[in-house]
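See below for the structure under consideration.
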C-alpha cells in the first residue's frame with residue numbers, strides 16, 4: 012500500500028510515538044563520481060563499459076539573464092562557440108572531430124534555454140577526449156568572438172529566426188504564449204529580437220560572455236568508457252584556472268510564473284489545423300521527488316493520466332465518436348505541475364466531444380476506474396521496461412539533462428526499477444481512484460476551446476458553461492470489463508521440416524512447411540526482446556488510385572473490428588498485458604506486419620500474430636465513421652497554404668496515375684466498405700510470397716521451432732504481386748505560389764534521373780556521398796552566404812526502383828531569393844567536383860560509427876535484414892559493413908557526384924509570401 016499520511020499520523024498520536032517515520036530519501040546512482048574545483052566549477056563522471064563517450068558542458072546562463080538591449084546574446088554566444096576559440100579557430104572544431112566520425116547535428120551541437128546553455132559532444136571512444144576537454148575549456152573562457160565572425164553569424168541567426176518564428180503558429184504554441192504572456196518569459200525568446208541582433212557587436216558579446224561564463228556557473232559531465240582517475244586529473248589540470256567571481260557553485264533555478272495564471276477560454280488553430288479542446292488540471296508546485304513516497308506519488312499520477320486517456324479512447328469508440336488525436340500529458344507552466352488533456356476533432360463533432368469528455372471526467376472522479384481497467388493498467392506497466400539498467404551513454408546524458416533542472420544527479424536504474432516494481436505490487440484500486448477523485452475536482456479544471464480558422468467564437472462561454480455544468484454533476488457509473496482472452500493454438504501443429512542454413516555470421520535461413528522463407532539473426536547480447544517482421548513486395552506501388560484511397564481507411568476499419576470471437580478492445584488489452592505490439596504497415600513498394608514482443612512471451616506473441624492474420628474482421632460502422640472524419644479532416648487540411656503548395660509540387664513531379672500523386676476528395680468519396688475489405692485481403696489476407704524475419708537473443712532451435720509451429724500453417728496461395736514502376740514527369744517544370752503567411756521564401760529543387768539497380772556497394776556509396784554533399788551544401792548556403800539556417804540536401808535511389816532523386820531546399824528571406832537563384836550554378840558546380848580523400852574518410856568514419864551504434868537496436872536490425880533480403884542486397888553489408896565501405900574509394904564517389912544532375916528532369920517549387928512580387 013502507498014503511504015497514507017493522515018492514517019499514519021493518527022496511529023502515531025494515539026500510540027504516543029515521539030516522531031513521524033520519514034519516507035526513505037532517494038539517492039543518486041553511486042556510479043557517479045562528482046567533485047567541485049576550488050573555483051566553484053563542478054564535474055560529474057559516469058563510467059560505463061563500452062567505448063562511446065558523451066560530454067555535456069552546462070552553463071547557467073540563458074535568455075532570462077539578458078538585459079533588454081542584450082536579448083538573444085546567450086544564444087548568439089552559443090553559436091560563436093563553433094566559430095572560433097583559442098585552440099579551434101574559425102570552424103575548425105568541426106573538421107577536427109570529423110576525423111573520428113563526429114557529425115554536426117547529432118554528435119556536436121548546443122542549445123540555449125531560458126536559464127541555461129548546454130553544449131553536446133558525442134565521441135566514438137576516449138581517444139579524442141583530451142581534445143574535447145580542450146574545446147570545452149575554450150568554450151568556458153576562450154571564445155575569440157572575432158568581429159568578422161560575429162558579423163557573419165548575424166545572417167545565420169536571422170535564418171534560424173525565419174525557420175522558427177511564424178505568424179500563424181500551431182495552436183499548442185499559441186496556448187504556451189498565452190500562459191506566459193504576463194511573465195518574464197514572453198519577452199525572452201532565446202533567439203532575440205531584430206533590433207538587438209542588428210546592433211550586436213563583438214564588444215557587447217564579449218561583455219556578456221565575460222560576465223556570465225564563470226566557473227561557479229559551469230558543470231561538466233562525461234559519460235562512457237574512460238578511466239576515471241585519468242579524466243579527473245585532466246579536468247582538474249584543464250579547468251582549475253578558470254576564472255570566477257564566486258567559489259560557491261550556483262544552483263539552477265526556475266523562475267515560476269504566477270500561480271494564478273489562467274488558461275485562456277479560446278484560441279484559434281492555424282490554417283489547416285483541427286479544432287481542439289484542452290482541459291487543464293492544476294496540481295500545485297512542481298517539485299522533484301526526493302523521497303520514495305514522492306516518487307510513488309509521481310508514478311501514481313502517470314497512472315491517472317493513462318487511466319483517463321484509456322477511458323476516453325474506449326468510450327469514444329463505444330459512442331461512435333471520431334477524433335483526430337487524444338493526449339493527456341504533463342503541461343508546461345514553469346514552477347507548477349499542470350496536466351493537459353487535449354482532444355482534436357472536426358468542428359461538427361465539438362459539442363459531442365465536449366459532452367463526452369465532461370461526462371467521463373465526472374464518472375472517473377466520482378466512481379473511479381473499474382477493477383478490469385485498473386488491472387489492465389497494472390499489466391501494461393508491468394510489461395514495459397521503464398527503467399532498463401543497460402543504458403547507453405546517450406541515455407544517461409538525457410537523464411542528466413532533465414535531472415539537472417532540479418540540481419540533482421539521476422537515481423540508479425536498479426533502485427528505480429526496484430522501487431517501481433514494489434509500487435506495482437503495492438498499489439490498489441482504491442489508491443488510483445482516490446487520486447482520480449482528488450485531481451479531477453471541478454475546481455482544478457480549466458477549459459480551453461480551440462476553434463478552426465475563421466470560426467465564430469460567439470458561443471464559447473455557453474459551451475464552457477455547458478461543460479462545467481456537466482462536470483460538476485454526479486457522474487454516471489460506467490461499467491467497463493474485459494473478457495479473459497484465450498487464443499487457441501493452431502491446428503494442425505506443424506514442426507520443423509528442414510535444418511537452418513547459416514547464411515552469414517549469426518544469420519540463419521530455413522523454409523516453413525507452407526513455403527514461407529524465414530531468416531533469423533541471433534544477437535550476441537541479451538536484450539530480452541524479439542522483433543518479428545512478415546514482409547512482401549507490393550505496397551502502394553501495386554495499388555490503383557481507389558485502392559490508395561482505401562488504404563487510408565483500412566487500418567481504422569480493421570482496428571475497430573474483431574479478431575475471431577474476441578472484440579477489438581479485448582484483443583488490444585490482451586496484447587498490452589503481454590507487452591506485445593503488432594502493427595501492419597504499407598510503404599511505397601512493400602508491405603509488412605511487424606511485431607515487438609518481450610522474449611519471454613514470444614510463443615504467445617506469435618500465436619496472437621497468427622490469429623490476427625487468420626481471423627481479423629472489419630467494422631463497417633468504423634469504416635463509415637472514419638470516412639466522414641477523414642474527408643472532413645482533408646477538407647480542413649487543404650485550406651492550409653502549405654498543403655496547397657505541397658499538392659501543387661507533387662502534382663507537377665508525380666502526375667496521375669503515379670503512385671506518388673496526391674489523392675483528391677473525390678477519390679476518398681468513391682471508396683466503399685467492399686473496397687477496403689478487398690484491399691485488406693489483397694495485402695494481408697494471404698501470406699503468399701511473404702518472408703519471415705526475426706531478431707532475438709534466443710537460441711536458434713528455440714526460435715526455429717516456435718516460428719515454424721505458429722506461422723508454418725498460414726495460407727500462402729497468393730500469386731506474386733506485380734509492382735508498378737514509379738511514374739514521374741520527365742519534362743520537369745516549375746511551381747510558384749504566393750501563399751505563405753510568413754515573411755520567408757521556401758525554395759526546393761528536385762532532379763530525377765534514371766539509374767542502375769542498387770547493389771550493397773551502391774547503398775553504402777550513396778550514404779557516403781550524401782554525407783559529403785550535405786556538408787558542402789551547408790557550407791555554401793549557411794556558412795558562406797548565411798542564406799538558410801538548415802539547408803537540406805539528399806540524393807537517393809529508391810529501393811526497388813531505377814531512379815535517383817536529388818533534392819535541395821532552402822528557407823530564405825524574400826529579399827535573398829534572387830541571390831540564391833544566382834548561386835545555383837555555383838552550388839551545383841561545388842556539389843559535382845571530385846570528392847577528396849579527407850571528405851571520403853570523414854564520411855566513412857561517421858557511417859561506421861552510426862552503423863555500429865545501430866547494431867544494439869533489434870528494431871533497426873530486423874528492418875535492415877528484411878530490407879536487404881527483399882531487394883537482394885548482399886548480407887555482407889549487415890555483418891561486415893567496414894569491408895563494403897573499404898571498397899568504396901573517393902574515385903567512386905567522385906564519379907557518382909559528377910553525374911548528379913546529368914540527363915535529369917528538373918523541378919523547382921517556390922513558396923513566396925502572399926504579398927511578394
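In the working numbering, the protein residues as written are 12 to 928.
All residues carry an ideal CB built from backbone N, CA and C; glycine is no exception.
Item, Value
"Does the beta-carbon of residue 456 have 16 or more other beta-carbons within 10 angstroms, so that it is buried, or is it exposed?", "buried"
"Would you tell me roughly how many angstroms separate the C-alpha atoms of residue 79 and residue 87, rounded to the nearest one?", "15 Å"
"Could you name the residues that DSSP lists as bridge partners for residue 458?", "290"
"Sort out for me which residues DSSP pairs residue 69 with in a bridge.", "129, 230"
"Which class does residue 5 belong to by DSSP, given the choice of helix, strand or coil?", "The structure shown does not extend to residue 5, since the chain is modelled only from 12 through 928, so no value can be given for it."
"Determine the closest residue to residue 277 out of 254, 187, 302, 348, with distance taken between C-alpha atoms.", "187"
"Report back the beta-carbon spacing between residue 467 and residue 357 to the nearest angstrom; my notes put them in contact at under 8 Å.", "Contact doesn't hold; Cβ gap of about 16 Å is too wide."
"Identify the continuous beta strand (DSSP E) that holds residue 609 and give its terminal residues.", "601-609"
"Can you tell me which of the three DSSP states residue 53 falls into?", "strand"
"Counting Cβ pairs, one atom from each stretch, are 3 or more of them under 8 Å apart for the segment 488-508 and the segment 608-619?", "yes"
"Residue ranges of each alpha helix (DSSP H) run of no fewer than 4 residues wholly in the segment 203-283, ordered along the chain?", "205-210, 213-223, 239-250"
"For residue 554, does the three-state DSSP call read helix, strand or coil?", "coil"
"Quick one: is residue 95 buried, meaning 16 or more other Cβ sit within 10 Å of its Cβ, or exposed?", "buried"
"Would the segment 497-514 count as touching the segment 365-378 if we require 3 or more Cβ pairs under 8 Å?", "no"
"Using a 10 Å radius around the Cβ and a threshold of 16 neighbouring Cβ atoms, would you call residue 454 buried or exposed?", "exposed"
"Beta-carbon within less than 8 Å of residue 34's beta-carbon, same chain only, minus the 5 sequence neighbours each way: which residues are those?", "14, 302, 303, 304, 305"
"Excluding sequence positions up to five away, which residues of its chain have a Cβ less than 8 Å from the Cβ of residue 646?", "676"
"Specify, as a first and last residue, the run of the beta strand (DSSP E) that residue 766 falls within.", "Element bounds for residue 766: n/a, residue is neither H nor E."
"What is the DSSP secondary structure of residue 924, reduced to helix, strand or coil?", "strand"
"Buried or exposed: where does residue 827 fall if 16 or more other Cβ atoms within 10 Å of its Cβ makes it buried?", "buried"
"Give a yes or no on contact between the segment 739-748 and the segment 570-577, applying the rule of three or more CB pairs nearer than 8 Å.", "no"
"I need the straight-line Cα distance from residue 766 to residue 813, nearest angstrom please.", "5 Å"
"Between the C-alpha atoms of residue 209 and residue 84, what's the straight-line distance to the nearest angstrom?", "12 Å"
"What are the boundary residues of the alpha helix (DSSP H) that includes residue 345?", "Run containing residue 345: none; DSSP gives neither H nor E here."
"Which runs of the beta strand (DSSP E) spanning at least 3 residues fall entirely within the segment 804-831, listed in chain order?", "814-823"
"Taking the Cβ atom as the reference point for each residue, do residue 268 and residue 344 lie within a distance shorter than 8 Å?", "yes"
"By a C-beta neighbour count over all protein chains shown, 10 Å radius and 16 as the cutoff for buried, is residue 201 buried or exposed?", "buried"
"Based on DSSP bridge pairs, tell me the residues matched to residue 749.", "923"
"Can you have a look at residue 97 and say buried or exposed, based on whether 16 or more other CB atoms are within 10 angstroms of its CB?", "exposed"
"Could you have a look at residue 467 and say whether DSSP puts it in helix, strand or coil?", "coil"
"Which same chain residues, not among the five before or five after residue 417, have their C-beta less than 6 Å away from its C-beta?", "299"
"From this set, 920, 774, 900, 553, which residue's C-alpha is nearest residue 820's C-alpha?", "920"
"In this structure, how does DSSP classify residue 796 when only helix, strand and coil are distinguished?", "coil"
"At what residue ranges does the segment 673-701 contain a whole run of the alpha helix (DSSP H), taking only runs of 4 or more?", "676-680, 684-695"
"Which residue from 831, 480, 543, 711 puts its Cα closest to that of residue 756?", "831"
"Does any CB atom of chain B fall closer than 8 Å to the CB of residue 273?", "As a matter of chain content, chain B is missing from the structure shown, which is built from one protein chain."
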